Amino acid sequence: MKKRGILNPAICSLLAELGHLDELLIVDAGYPLPPDGHVIDLTLTPGIPRFLDVLKAIADELVIEAVTVPSEIHDYSPEMYQAILDLIGRDIDVDEEPLHEFKEKGLDAKGIIRTGEFTPYASLRVLCGSPF
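Those letters in the sequence shown? Residues 1 to 132, per full-length UniProt numbering, in order.
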């Protein structure tokens with residue numbers, strides 16, 4: 001048994017499959033899931049698990065080149081946006097796009113992790129980097 005890091009076997013497998021420039025979505029509980037996407041649904045109860053907890057766990061194990069957030073997060077959840085910036089650090093590019101574009105581009109993501117987050121627009125697309 002692993003003694004640290006992500007313990008969820010589905011997430012461990014997904015992260016191991018990701019390569020440079022692959023994309024991963026981490027989304028809130030209300031995000032519409034595609035019927036044919038690789039979805040790992042972690043929702044348990046409203047707010048559990050929290051988006052930021054999942055993002056932190058992923059960021060600790062994955063090389064992140066850039067992230068994209070829905071631009072609406074500024075108006076509806078500015079505290080969440082700031083928390084995302086604080087968590088990922090200032091060295092990672094943060095792009096924004098309207099939610100309809102975010103959803104459309106997200107259809108090409110290699111995987112989707114849905115959280116129990118109930119904060120509006122608490123979703124992000126990760127562009128995977130390379131450690132070398």
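For glycine and all other residues, C-beta sits at the position ideal for the given N, C-alpha and C.
All values derive from a computational prediction rather than experimental measurement.
**Prompt:** So LEU33 packs on ARG125, CB below 8 angstroms; how close in whole Å?
**Reply:** Actually they do not touch by this definition, with Cβ atoms about 14 angstroms apart.
**Asked** How many Å lie between PRO98 and ASP86 at the Cα?
**Response** 22 angstroms
**Item:** Cα-Cα separation between TYR76 and GLU61, rounded to whole angstroms
**Value:** For TYR76 and GLU61, the distance between alpha carbons rounds to 29 angstroms.
**Pairwise C-alpha distance: ASP36 and ALA83** = 31 angstroms
**Asked** What is the DSSP secondary structure of LEU127, reduced to helix, strand or coil?
**Response** strand
**Message:** What does the Cβ neighbour count give for THR45, buried or exposed, with the cut at 16 atoms within 10 Å?
**Reply:** Exposed is the call here.
**Asked** Going by DSSP, which residues form a beta bridge with GLU96?
**Response** VAL69
**Request:** Pick helix, strand or coil for GLY111, following the three-state DSSP scheme.
**Result:** strand
**Request:** Taking all protein chains shown into account, decide if GLU104 is buried (16 or more other Cβ within 10 angstroms of its Cβ) or exposed.
**Result:** exposed
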